[in-house]
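Following this note's numbering from start to finish, the sequence shown increments by one per residue and tops out at 129.
Glycine included, each C-beta is placed from N, C-alpha and C at the ideal position.
Here is the structure we will look at, set down as structure tokens.
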Amino acid sequence: MDERIRSTQLIGKVLISEETGKKFGIINDLNYVVDSGEILHLILVEPTAHTATLNLKEDDRNRMIVPFSAVKSVGDFVIVAEKDIL
């Protein structure tokens, strides 16, 4: 994704797999570079059973982490390429 995304466009949205349409969870927070504003990771809450099978990394509060580089589109949902997060 080349365009600039604001954190308010992401927080509270449902994360969905591009390949399967399965829900991963709800975006609750972001990891980003303070100086540039570059988003590094999406932090999920309410992960689904499907998400638990993916063995995603977790932050220090045991929330699932998804690399922002996997994001394909942002609209009513945030769509990610599942192959890019594994």
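- Between residue 103 and the set 67, 123, 58, 87, the nearest pair of CA atoms involves 87.
- If you check the CB distance, residue 57 and residue 68 come in under 9 angstroms.
- No Cβ-Cβ contact shorter than 9 angstroms links residue 111 with residue 129.
- Contact between residue 115 and residue 108 is ruled out by a C-beta separation of about 18 angstroms, above the 8 angstroms threshold.
- For the 9 angstroms CB-CB criterion, residue 124 and residue 62 form a contact.
- Ranked by Cα distance from residue 71, the options 60, 54, 77, 96 are led by 54.
- For the stretch 48-84, not one full-length alpha helix (DSSP H) segment reaches 4 residues or more.
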